[in-house]
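Peer 1: For the sequence shown, the working numbering gives the first residue as 14, with consecutive numbering after it.
Where is the CB? At the ideal position from N, CA and C, for every residue including glycine.
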Amino acid sequence: MKKVMFVGRTYAGKTTLCQYLMGESIKYKKTQAIEILGKELIDTPGEYLERRGLYRALQVTSAEADVIIFVQDATADGSMFAPMFTSMFTKPVIGIVTKCDAASREQTALAVKYLENAGAKKIFLTSAVAGKGMEDVIQYLEDH
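1) What did DSSP end up calling residue 106 once you bin it into helix, strand or coil?
2) Assign residue 27 to one of two classes, buried (16 or more other C-beta atoms within 10 Å of its C-beta) or exposed (fewer than that).
3) Can you name the start and end residues of the alpha helix (DSSP H) that residue 152 belongs to?
4) So, for residue 14: in the same chain, excluding its five sequence neighbours on each side, which residues have a beta-carbon less than 6 Å away from its beta-carbon?
5) Just how far apart, CA to CA, sit residue 82 and residue 17?
6) Would you say residue 47 faces chain D, with C-beta separation under 8 Å as the test?
7) Let's test the definition: count the other Cβ atoms within 10 Å of the Cβ of residue 22 and tell me whether it reaches 16, buried, or not, exposed.
8) Could you tell me whether the region 99-111 touches the region 129-136, where touching means 3 or more Cβ pairs closer than 8 Å?
9) On the three-pair Cβ rule with 8 Å, is the region 31-39 touching the region 53-63?
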């Protein structure tokens, strides 16, 4: 699997995605600092996206990744990803919409639009808790 870095606001589901991909039981844990999980996963705190002054930490850390994953909670009001936010990275960027099982179709469509506007080229609809859409994510990370 490719080495990936997860970027998204607090409570978007980055750590939950990591737990799913590592085969761990899903339990809430607040990420306080950048964490390297296994050999393939880089989990970043939501504050690194929410506070513009911490963008540099995301850029520097992205050098260690093969793919950047923008994580957007389908149930969240709004997005922290600026238009063409992908331009700050030199690696491919994909998007994952989380919590699709708890969102309406309209909310999910809006989350997809946020990721498209941010510049994500490929977008996956998921629920790590239910396992929905995760096979496609894993396949992509193994193939690309």
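Peer 2: So, from the data block:
1) Within the sequence shown, numbered from 1, the residue matching residue 106 stands at position 93. In the three-state reduction of the DSSP assignment, residue 106 falls in the strand class, which pools E and B.
2) Your numbering for residue 27 matches position 14 in the sequence shown. Buried is the call here.
3) Translated into the one-based positions of the sequence shown, residue 152 becomes position 139. First-last of the alpha helix (DSSP H) with residue 152: 147-156.
4) Here the question's residue 14 lines up with position 1 in the sequence shown. Apart from sequence neighbours up to five positions away, the residues of its chain that approach residue 14 with a beta-carbon distance below 6 Å are 53, 154, 155, ordered along the chain.
5) Locating residue 82 in the sequence shown gives position 69, where the first residue counts as 1. Locating residue 17 in the sequence shown gives position 4, where the first residue counts as 1. If I take the Cα positions, the gap works out to 7 Å.
6) You won't find chain D in this structure, because it holds only one protein chain.
7) Here residue 22 is taken as the residue at index 9 of the sequence shown, counted from 1. The residue in question, residue 22, is buried, as its Cβ has 16 or more Cβ neighbours within 10 Å.
8) By the Cβ test, the region 99-111 is in contact with the region 129-136, since at least three Cβ pairs between them sit closer than 8 Å.
9) Short answer: they touch.
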